[in-house]
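Accompanying notes for the structure given below.
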Amino acid sequence: MKKTITILGLLFSAGLYAQMFVSPNSYVYVNDQMVYVRQNVNLQNDGNIYLRNGSQLLQGVNGVSTNQGQGKLSVFQEGTTDNFEYNYWCSPVGNASAASGNENFGITMLNQPTGLITSNPAVILPSNNTNGVSNPLSISQYWIYKFINSNNYSQWVAVNSASTLSAGQGFTMKGTSGTDATTVQGVQNNPGSNQRYDFRGKPNDGDIAINVALNQATLTGNPYPSAIDLSAFLTAELNCTGAAYFWDQDKTVNSHLLLAYSGGYGVYSPVSRGGTGIYIPAVFYNYTINGTLIPGMTGVGSAYSRYFAPVGQGFLIHGSGAGPTATMRNSYRVFQKENPTTSMFAKSGQANALNAENATEDAPEYLPAIQSISGFDYTTVSTAPVPQIRFIGKTGNGIRTLALGFDEAATDGVDHAMDAKASGGIPVDVFFALDNAEYGISVIDFDINKRVPIGFKCNVEHTFKFTVDSMLNFSEAEHVYVHDKLNDTYFEITNAVFEVTLPAGTNTDRFEVTFVDTALGTPSLNAESFQIVQNNTNQQLTISNPSLFDVKSVTLFDLTGKRVFEKVQLGARENYSFSTDGIAESVYIVKVITSDKRDIGQKISVFRTNN
Numbered sequence: 378m379k380k381t382i383t384i385l386g387l388l389f390s391a392g393l394y395a396q397m398f399v400s401p402n403s404y405v406y407v408n409d410q411m412v413y414v415r416q417n418v419n420l421q422n423d424g425n426i427y428l429r430n431g432s433q434l435l436q437g438v439n440g441v442s443t444n445q446g447q448g449k450l451s452v453f454q455e456g457t458t459d460n461f462e463y464n465y466w467c468s469p470v471g472n473a474s475a476a477s478g479n480e481n482f483g484i485t486m487l488n489q490p491t492g493l494i495t496s497n498p499a500v501i502l503p504s505n506n507t508n509g510v511s512n513p514l515s516i517s518q519y520w521i522y523k524f525i526n527s528n529n530y531s532q533w534v535a536v537n538s539a540s541t542l543s544a545g546q547g548f549t550m551k552g553t554s555g556t557d558a559t560t561v562q563g564v565q566n567n568p569g570s571n572q573r574y575d576f577r578g579k580p581n582d583g584d585i586a587i588n589v590a591l592n593q594a595t596l597t598g599n600p601y602p603s604a605i606d607l608s609a610f611l612t613a614e615l616n617c618t619g620a621a622y623f624w625d626q627d628k629t630v631n632s633h634l635l636l637a638y639s640g641g642y643g644v645y646s647p648v649s650r651g652g653t654g655i656y657i658p659a660v661f662y663n664y665t666i667n668g669t670l671i672p673g674m675t676g677v678g679s680a681y682s683r684y685f686a687p688v689g690q691g692f693l694i695h696g697s698g699a700g701p702t703a704t705m706r707n708s709y710r711v712f713q714k715e716n717p718t719t720s721m722f723a724k725s726g727q728a729n730a731l732n733a734e735n736a737t738e739d740a741p742e743y744l745p746a747i748q749s750i751s752g753f754d755y756t757t758v759s760t761a762p763v764p765q766i767r768f769i770g771k772t773g774n775g776i777r778t779l780a781l782g783f784d785e786a787a788t789d790g791v792d793h794a795m796d797a798k799a800s801g802g803i804p805v806d807v808f809f810a811l812d813n814a815e816y817g818i819s820v821i822d823f824d825i826n827k828r829v830p831i832g833f834k835c836n837v838e839h840t841f842k843f844t845v846d847s848m849l850n851f852s853e854a855e856h857v858y859v860h861d862k863l864n865d866t867y868f869e870i871t872n873a874v875f876e877v878t879l880p881a882g883t884n885t886d887r888f889e890v891t892f893v894d895t896a897l898g899t900p901s902l903n904a905e906s907f908q909i910v911q912n913n914t915n916q917q918l919t920i921s922n923p924s925l926f927d928v929k930s931v932t933l934f935d936l937t938g939k940r941v942f943e944k945v946q947l948g949a950r951e952n953y954s955f956s957t958d959g960i961a962e963s964v965y966i967v968k969v970i971t972s973d974k975r976d977i978g979q980k981i982s983v984f985r986t987n988n
C-alpha cells in the first residue's frame with residue numbers, strides 16, 4: 378500500500394538546508410500550494426510528487442541540479458490549439474533515473490489525466506500521421522521540432538518521438554482534434570482546442586545553459602515546474618538581447634500546408650525592473666513552401682501578459698554576441714499561478730492586460746507580494762503601463778504596432794532589455810530605424826526636442842499609413858509629428874493619419890517622429906508674453922496671449938501653495954477670462970503652462986471694490 382503525504386501548505390524556510398526524499402511506493406500530493414526545497418529532490422522508485430490546482434515546486438540550489446531518482450513529478454498544463462496549430466513548449470521535467478542532474482525530455486513522457494494522480498501514457502502516432510486526437514490522447518510526432526542558434530526556416534530540427542530535448546530546449550507541438558470530457562479538479566481535459574497534458578518525469582532544477590549566438594535565434598522557455606520571472610531572466614542575462622519572441626497564429630486556418638499558415642511573433646521587452654514591460658502583438662503573414670514570408674500582412678495577434686512565464690511556456694531569444702550561453706537559474710523562479718493579469722500560457726487577453734486599468738504614473742498600483750527564490754520585492758513593481766506612445770503602421774491588409782517607450786535610464790542607442798527588434802524578414806514593413814536594424818520597440822529618455830528615426834521598406838511601390846494609436850501613461854507631449862526631412866514638412870499624427878507612397882526600397886533616413894513642429898517656429902517666453910490682469914470691479918481674471926502660445930493650463934495658487942482653481946487644455950487663443958467671484962480677498966499667484974512645458978507666473982491681488 379502506498380504511503381501518502383498531503384500538503385495543504387508546506388514551506389521550508391530558506392534558512393534550512395532541507396531536502397525532499399520520497400521513499401519507494403510513497404507520494405506527496407500538493408494542492409493549491411508551493412513547495413520549496415532548499416537542496417535536491419530524491420524520488421525513489423515509484424515515489425512521486427503530484428502538483429495539482431496550480432501547485433508548484435521551487436528549489437534553491439545554486440549551480441547545477443542534483444535531483445535524482447526513478448520516481449516522477451507530475452504537473453498539468455493546457456495547450457491552446459487544435460490539431461492544425463502550434464504551441465511552443467519547454468518541458469519542466471526530463472527522464473527519471475538514478476543518475477544525478479537534469480535529463481533529456483521527449484513526448485513519450487506526456488500523459489492523459491484520468492484522475493487526481495492517475496494518467497494514461499499518450500499514444501505516439503506513426504510518423505506519417507499528422508493529426509493528434511484528444512481521446513485517447515494521441516500526439517502527432519510529425520510536428521515536434523527544435524530550433525537552436527538558427528535564423529533560417531530550413532534549420533528547424535525534427536525531434537519526433539525521440540528523447541533528445543535537453544533541459545531548457547523548447548519544442549513545437551500541434552494540439553489535438555476533438556474533445557475529452559474527463560474532468561479533474563473542475564477542469565475538462567479538452568473542451569476543444571485546449572488539450573491538457575500531464576508532464577511526468579524528474580523535475581528540472583538549477584543552472585540550465587541555453588546556447589545563443591549573435592543574430593541567431595534559439596527556442597527555449599521556462600524549464601521548471603514553477604513559474605519564472607521572465608523580466609528578471611531577460612534583464613540579467615546579457616548574452617541574449619533581453620527580448621523574448623512568442624509565436625502566435627490565426628487559429629481559423631485549418632490546414633497543415635505551410636502555404637496556408639498565417640502567423641508571426643509578438644515581442645516582449647522588460648524595459649526596467651520597476652515596471653511590467655512592453656508587449657507588441659504578432660503580425661501575421663503567409664509563407665512560401667520554403668518558409669519565406671510572403672509580402673502582405675494577413676492579420677494581427679492578441680495581447681498577452683508576459684512579465685511571468687508559466688510552466689511549460691516556450692519562446693525564442695536571440696544572442697547578443699557577448700557570450701555563447703544564456704543561463705536559466707533557480708533565482709528566476711517564483712510561485713505565481715496562471716491568471717489573466719500576470720502569468721499566461723499563450724492565452725489571449727486585453728491589450729496591456731497586466732497593467733491596472735486605472736493606474737497612472739502619479740498614482741500607480743503595484744504587484745502583490747510574490748514568493749520567490751531571489752527574495753525580490755514585487756510590491757515595488759508598478760502595474761501602471763510603461764510610459765509609451767503606440768503607433769500603427771498600416772501596410773496593405775495588415776497592421777504593424779510599434780511602441781516608443783520612455784525611461785530615464787534609456788539612451789538613444791540600443792539598450793539591453795529595452796529596445797527590441799521587430800520580428801524580421803518582412804518585405805513590406807514600418808519600423809524604428811535604430812543601429813542599422815529594424816526595431817518594433819524603442820525606449821528613450823524623453824525630451825521634447827528629440828527626433829526618432831522611422832523606416833519604411835517595400836519590394837514594390839507601396840502606400841504606407843502611419844498614426845498614433847494611443848498614449849499610455851504619458852502626457853509630456855501634446856503633439857506628435859512625422860517630419861519628412863526631404864521636403865522639410867511636418868504632419869501631425871496625434872489624431873490624423875500620415876500617408877506616403879514610396880518606390881521599392883528601404884527608407885531609413887528620410888522620416889522621423891518629432892514632438893515639435895520647428896517649421897512653425899517657437900517664440901520666446903518671457904514676462905511680456907502674457908498680460909495677466911485682475912479686474913476687481915468685475916471680479917474677472919483676464920489673460921492676453923498675443924503670441925498665441927498653446928496653453929496647457931492656467932492655475933491659481935494662494936501664497937501657501939494651495940491650488941484654488943485650475944483650467945486645462947485651453948489651446949491657442951488671444952484672450953482668456955476666468956471668474957474670481959467668491960474667492961477670498963488675498964494675494965494669489967497665477968501660473969500659466971504652455972503645451973511644450975514652459976511656464977510663467979505672476980502675482981495678483983483680489984479684493985472687493987464695493988466694501
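In my numbering, the protein residues as written are 378 to 988. We put the beta carbon where it would ideally sit given N, CA and C, even for glycine.
Val807 sits away from Val857, with the two beta carbons spaced by 9 Å or more. Sequence-distant Cβ neighbours of Phe482 in its own chain, meaning closer than 6 Å and more than five residues away, are Ser468, Gly471, Leu542. Going by beta carbons, Thr871 and Val845 fall inside the 9 Å limit.
With distances taken between CA atoms, Tyr622 lies nearest to Thr595 out of Gln454, Ile587, Asn922, Thr595. Between the alpha carbons of Val630 and Thr553 lies a gap of roughly 15 Å. Nearest to Asn922 by C-alpha distance, out of Ser906, Ser646, Arg777, is Ser906. Taken through DSSP and simplified to helix, strand or coil, Trp520 comes out as helix.
Under the Cβ criterion (8 Å, minimum of three pairs), the segment 579-589 counts as touching the segment 691-698. Where Thr932 is concerned, the enclosing beta strand (DSSP E) starts and stops at 928-935. Annotation: the continuous beta strand (DSSP E) that includes Phe841 extends over 839-849.
According to DSSP, Asn402 shares a beta bridge with no other residue. By the CB criterion at 9 Å, Thr778 and Val660 fall inside the cutoff. Excluding sequence positions up to five before and after Ile525, its CB lies within less than 6 Å of the CB of Asn588, Thr595, all in the same chain and listed in chain order. Relative to Val564, the option among Glu455, Thr669, Tyr662, Asn508 whose CA is nearest is Glu455. Exposed is the label assigned to Thr914, since fewer than 16 other Cβ atoms lie within 10 Å of its Cβ. Just measuring C-alpha positions, the residue of Ala620, Gln436, Tyr519, Pro762 sitting nearest Ser538 is Tyr519. Around the CB of Val452, 16 or more other CB atoms lie within 10 Å, so the residue is classed as buried. Of the other Cβ atoms in all chains shown, 16 or more fall within 10 Å of the Cβ of Lys449; this residue is therefore buried. Nearest neighbour of Thr653 by Cα position, chosen from Leu514, Ala761, Asn813, Leu947, turns out to be Ala761.
According to the DSSP assignment, Thr612 belongs to the alpha helix (DSSP H) that extends over 607-613. Linking Thr507 to Val500 through their CA atoms gives a straight-line distance of about 13 Å.
Closest in alpha carbon position to Tyr656, among Gly555, Gly775, Pro764, is Pro764. Residue pairing for Asn419: DSSP places it in a beta bridge opposite Phe398, Gln445. The alpha-carbon separation between Arg429 and Val644 amounts to approximately 31 Å. Within the same chain, and ignoring the five residues on either side of Gln396 in sequence, the residues whose Cβ sits closer than 8 Å to its Cβ are Val414, Arg415, Gln416, Asn417, Val418, Asn419.
Contact check for Ser603 and Gln433: beta-carbon distance about 4 Å, within the 8 Å limit, so the pair qualifies. Per DSSP, reduced to three states, the secondary structure at Leu542 is strand. CA-to-CA, the gap between Asp861 and Tyr662 works out to about 29 Å.
DSSP places Gln532 in the helix class (H, G or I) of the three-state scheme. In the DSSP annotation of this structure, Ile825 is not part of any beta strand (DSSP E), being labelled neither H nor E. Taken through DSSP and simplified to helix, strand or coil, Met674 comes out as coil.
Each residue's CA atom was taken as its position, placing Asp976 and Ile970 some 4 Å apart. Between the alpha carbons of Gly978 and Ile966 lies a gap of roughly 7 Å. Its Cα nearest to that of Glu855, the residue Ser972 stands out among Ala810, Ser570, Ser972. Less than 9 Å divides the Cβ of Tyr465 from the Cβ of Gly598. Within the same chain, Cβ atoms closer than 8 Å to the Cβ of Thr986 are found at Asn913, Thr914, the five residues on either side in sequence being excluded.
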